[in-house]
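**Student:** Structure in structure tokens, see below.
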Amino acid sequence: MSRQIETPHYITRLNHDFLQCAVYDSDDCKARLIGVEYIISDRLFETLPQEKQKLWHSDACEIKSGPWVNPRIPEMIRKPELDNLAKTYGKFWCTWQVDRGDRLPVGAPALMMPPQGVNLGKIDPELVKERDDKYNISTEALQGSSSTSFTVMATPEAVVKKDVYSVWALPPEDVAVRVKKLMEGLRSEFGGPQFEPHVTVVGAISLTADDALAKFRSACDGLKAYTATVERVATGTFFYQCVFLLLHPTREVVEASAHCTGHFGYKSSTPYMPHLSLLYADLTEEEKKKVQEKANILDESIGSLSFQISRLALYKTDTEDKTLKSWEKVAECNLCPN
């Protein structure tokens with residue numbers, strides 16, 4: 000937070016959900032173009048994968064607290080725009096870090112974010128005063144009633160590192176050995192990366208390491224072991240749900256997921272579908288059908304498998320890494336006996 004800059008934005012609205020901004024270091028005739036910011040509606044933001052959402056920041060704090068203003072705009076125009084912008088999310092790539100003395104736009108673009116929440120108090124008051132005096136405005140008067148175009152931005156050092164995590168339910172050792180044998184048989188013919196047998200309880204969610212571990216421990220506390228039963232070998236529509244063992248969505252299975260997702264603050268747009276993946280791959284529908292048939296041949300009774308889940312594990316699961324080489328177990332816990 001030691002480096003802060005004022006960033007005049009010149010905005011074009013492409014549609015109701017998307018704006019694009021050319022970002023400068025001033026608004027005079029000698030202004031230098033220092034980056035670009037994209038702004039999307041909350042509706043579009045909610046459709047992004049968790050690992051993509053971490054690149055975006057909420058604009059609500061800036062607008063409601065005054066760092067972001069729109070000078071010389073009539074109130075009757077400014078106010079309606081404010082209501083929409085307070086619900087948006089921005090992603091600002093700085094291509095020229097003039098505040099550190101760069102004479103040319105050298106180096107890779109840097110993702111920059113405005114101070115959020117309690118960090119708003121860390122904005123340099125002299126920088127704000129200069130801005131207010133220049134445009135004859137009052138940040139205090141604008142708090143809770145502000146708009147857009149100028150913002151004090153924090154440098155990349157202020158961005159908190161997050162990773163993508165998932166919570167897995169682990170089958171007992173004898174079941175894991177049996178399922179691994181089946182998975183190996185499928186991979187030998189159809190390819191795909193190797194991974195541990197598991198039932199996803201909490202899908203990929205972006206968190207800091209400390210937050211992920213704290214939430215995991217909290218979710219494990221008081222959760223009892225439960226039984227999972229296979230319904231059939233099924234196929235899905237994307238890489239991580241190519242071919243899998245579909246589980247019966249019994250009350251205890253669904254409640255276990257709801258318990259954990261509640262502790263993680265994870266919200267899914269679709270109902271929970273408990274399953275144990277057999278193969279990760281990008282295959283055609285015809286190829287998936289062949290894998291499905293092969294699975295039933297390799298293990299004829301797999302479709303009636305029933306097992307106890309008494310362990311959960313927290314994994315790093317970067318869904319951009321389809322090799323799974325970066326995936327790793329962070330922690331494991333034993334559930335209370337049922």
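In numbering that gives the first Met the number 0, the protein residues as written are 0 to 337. Think of the CB as a built atom: it goes at the ideal place given N, C-alpha and C, for glycine as much as any other residue.
Assuming contact is defined by CB atoms lying nearer than 8 angstroms, are residue 313 and residue 211 in contact in what I supplied?
**Tutor:** Yes.
**Student:** Quick check: what's the CA-CA separation for residue 294 versus residue 288?
**Tutor:** Approximately 10 angstroms, taken between the alpha carbons.
**Student:** Return helix, strand or coil for residue 400, following the three-state DSSP convention.
**Tutor:** No information on residue 400 is available, as it lies outside the stretch 0 to 337 that the chain covers here.
**Student:** Examine the Cβ distances between the stretch 255-266 and the stretch 183-202 and report whether three or more of them are shorter than 8 angstroms.
**Tutor:** With the cut-off at 8 angstroms, the stretch 255-266 and the stretch 183-202 touch.
**Student:** Of all the options 130, 21, 53 and 102, which has the alpha carbon lying nearest to the alpha carbon of residue 11?
**Tutor:** The option with the nearest alpha carbon to residue 11 is 21.
**Student:** Using three-state DSSP, classify residue 44 as helix, strand or coil.
**Tutor:** Reduced to three states, the DSSP call for residue 44 is helix.
**Student:** Taking the alpha-carbon positions, what's the residue 125 to residue 5 distance?
**Tutor:** About 12 angstroms.
**Student:** According to DSSP, is residue 189 part of a helix, a strand, or is it coil?
**Tutor:** The answer is helix: DSSP assigns residue 189 an H, G or I state.
**Student:** Are there 16 or more other CB atoms within 10 angstroms of the CB of residue 328, so buried, or fewer, so exposed?
**Tutor:** Exposed, because fewer than 16 other Cβ atoms sit within 10 Å of the Cβ of residue 328.
**Student:** With distance defined between alpha-carbon atoms, name the residue in 106, 315, 318 and 171 nearest to residue 334.
**Tutor:** That would be 171, whose Cα lies nearest to the Cα of residue 334.
**Student:** Which residues in the same chain as residue 43 place their Cβ atom closer than 6 angstroms to its Cβ, once the five residues preceding and following it in sequence are excluded?
**Tutor:** Hits under 6 angstroms: 16.
**Student:** Using only alpha-carbon positions, find the residue among 267, 223 and 35 that is nearest to residue 251.
**Tutor:** When only C-alpha atoms are compared, the closest one is 223.
**Student:** Going by DSSP, name the residue or residues bridged to residue 305.
**Tutor:** Answer is 228, bridged to residue 305.
**Student:** Which partner residues does residue 165 have in the DSSP bridge list?
**Tutor:** Note: residue 165 sits in a beta bridge opposite 314.
**Student:** Using three-state DSSP, classify residue 89 as helix, strand or coil.
**Tutor:** Strand at residue 89.
**Student:** Are the beta-carbon atoms of residue 32 and residue 23 separated by less than 8 angstroms?
**Tutor:** Yes.
**Student:** I'd like to check one pair, residue 278 with residue 182: are the Cβ atoms closer than 8 angstroms?
**Tutor:** Closer than 8 angstroms, so yes.
**Student:** Write down the C-beta distance between residue 179 and residue 196 rounded to the nearest angstrom, noting that I regard them as a contact closer than 8 angstroms.
**Tutor:** So it is a contact: roughly 6 angstroms between Cβ atoms.
**Student:** Confirm, please, whether the CB-CB distance from residue 241 to residue 282 is below 8 angstroms.
**Tutor:** Yes, the Cβ-Cβ distance between residue 282 and residue 241 is below 8 angstroms.
**Student:** For residue 258, report the span of its alpha helix (DSSP H) as first-last.
**Tutor:** Its alpha helix (DSSP H) spans residues 250-263.
**Student:** Who pairs with residue 340 in a beta bridge, going by DSSP?
**Tutor:** Residue 340 is absent from the model: the chain starts at 0 and stops at 337.
**Student:** For the candidate residues 95, 243, 81 and 290, whose alpha-carbon lies nearest to that of residue 194?
**Tutor:** Comparing Cα positions, the closest option is 243.
**Student:** Give the single residue among 88, 100 and 165 whose Cα lies nearest to the Cα of residue 218.
**Tutor:** Of 88, 100 and 165, the residue nearest in Cα terms is 165.
**Student:** Going by DSSP in three states, residue 99 sits in which element: helix, strand or coil?
**Tutor:** Helix.
**Student:** Kindly list the residues whose CB is nearer than 6 angstroms to the CB of residue 228, restricted to its own chain and excluding five residues on each side of it in sequence; keep chain order.
**Tutor:** Closer than 6 angstroms at Cβ, skipping near neighbours: 247 and 305.
**Student:** Could you pull the DSSP bridge partners for residue 57 from this structure?
**Tutor:** BP columns for residue 57 point to 88.
**Student:** Give the straight-line distance between the Cα atoms of residue 189 and residue 276, rounded to the nearest whole angstrom.
**Tutor:** Computed Cα separation, rounded: 14 angstroms.
**Student:** State yes or no: is the C-beta of residue 92 within less than 8 angstroms of the C-beta of residue 35?
**Tutor:** Yes. Within cutoff.
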